[in-house]
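*Asks:* Numbering (the working numbering), first residue to last: 75 to 261. For glycine and all other residues, C-beta sits at the position ideal for the given N, C-alpha and C. These figures come from a predicted structure and were not determined experimentally.
Given below as structure tokens:
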């Protein structure tokens, strides 16, 4: 894990919230949904692709629970990112994170709700936890109907994940268990 970057604006806040961004990945999506629902005060930020994949995996109803606020991408420069500077969030989680989103993070592109949240969280010194979909040259995944799927990430995707690990204030996790251990340090 990288050194934690303190979120100076969060000090003294009365409410600890998690900003949880979901991208258009099916890999680990159900596990991530189960994980985020274990925490009170979660705000979910959905990319356009995430909305599609959540429907495909039939998870939309599971995410509609009391205490969880869901924000959809309407503009890439969504006013919601201002909350990062106000100290509303103790941590930003991006899970699952597609190779496309990770590539944009690494190259400083912030043209979607999720990539803008990532960029602004870094600028606000809000700690960031990312669970990329591409972690190894060969991976086992699960399709929308529970069927096993073999995935072979491209070398460039693995390189981008490796580069992301070096970002200050960013922790890349490889499992839900690691995610929960990391989250415990910020809540």
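On the premise that residue 173 lies in contact with residue 214, defined as a C-beta separation below 8 Å, what is that separation, rounded to the nearest angstrom?
*Replies:* No, residue 214 and residue 173 are not in contact; Cβ-Cβ is about 17 Å, not under 8 Å.
*Asks:* Buried or exposed for residue 235, please, with buried defined as at least 16 other CB atoms from any protein chain shown within 10 angstroms of its CB.
*Replies:* buried
*Asks:* If distances are taken between C-alpha atoms only, which option among 247, 244, 201 comes closest to residue 91?
*Replies:* 201
*Asks:* Tell me the DSSP bridge mates of residue 175?
*Replies:* Bridge partners of residue 175: none, in fact.
*Asks:* For residue 91, write down the residues that DSSP places opposite it in a beta bridge.
*Replies:* 163
*Asks:* By how many angstroms is the C-alpha of residue 117 removed from the C-alpha of residue 94?
*Replies:* Residue 94 and residue 117 have their C-alpha atoms some 6 Å from each other.
*Asks:* Tell me the residue span of the beta strand (DSSP E) that contains residue 133.
*Replies:* That residue, residue 133, is in no beta strand (DSSP E); it is neither H nor E in DSSP.
*Asks:* For residue 192, does the three-state DSSP call read helix, strand or coil?
*Replies:* helix
*Asks:* Determine the burial state of residue 167: buried for a count of at least 16 other Cβ atoms within 10 Å of its Cβ, exposed for fewer.
*Replies:* buried
*Asks:* When we look at the beta-carbon of residue 101 and count the other beta-carbons within 10 Å, is it buried (16 or more) or exposed?
*Replies:* buried
*Asks:* Indicate whether the contact test is met: 3 or more Cβ pairs, each with one atom in the segment 99 to 115 and one in the segment 181 to 189, closer than 8 Å.
*Replies:* The segment 99 to 115 vs the segment 181 to 189: no contact.
*Asks:* Using the beta-carbon count (16 or more within 10 Å), is residue 161 buried or exposed?
*Replies:* buried
*Asks:* Taking only three categories from DSSP, how would you classify residue 239?
*Replies:* Reduced to three states, the DSSP call for residue 239 is coil.
*Asks:* By how many angstroms is the C-alpha of residue 175 removed from the C-alpha of residue 164?
*Replies:* 21 Å
*Asks:* Residue 130 and residue 138 - do their beta-carbons sit closer together than 9 Å?
*Replies:* no
*Asks:* Exposed or buried, which one is residue 217 when buried takes at least 16 other CB atoms within 10 Å?
*Replies:* exposed
*Asks:* Just how far apart, CA to CA, sit residue 119 and residue 255?
*Replies:* 22 Å
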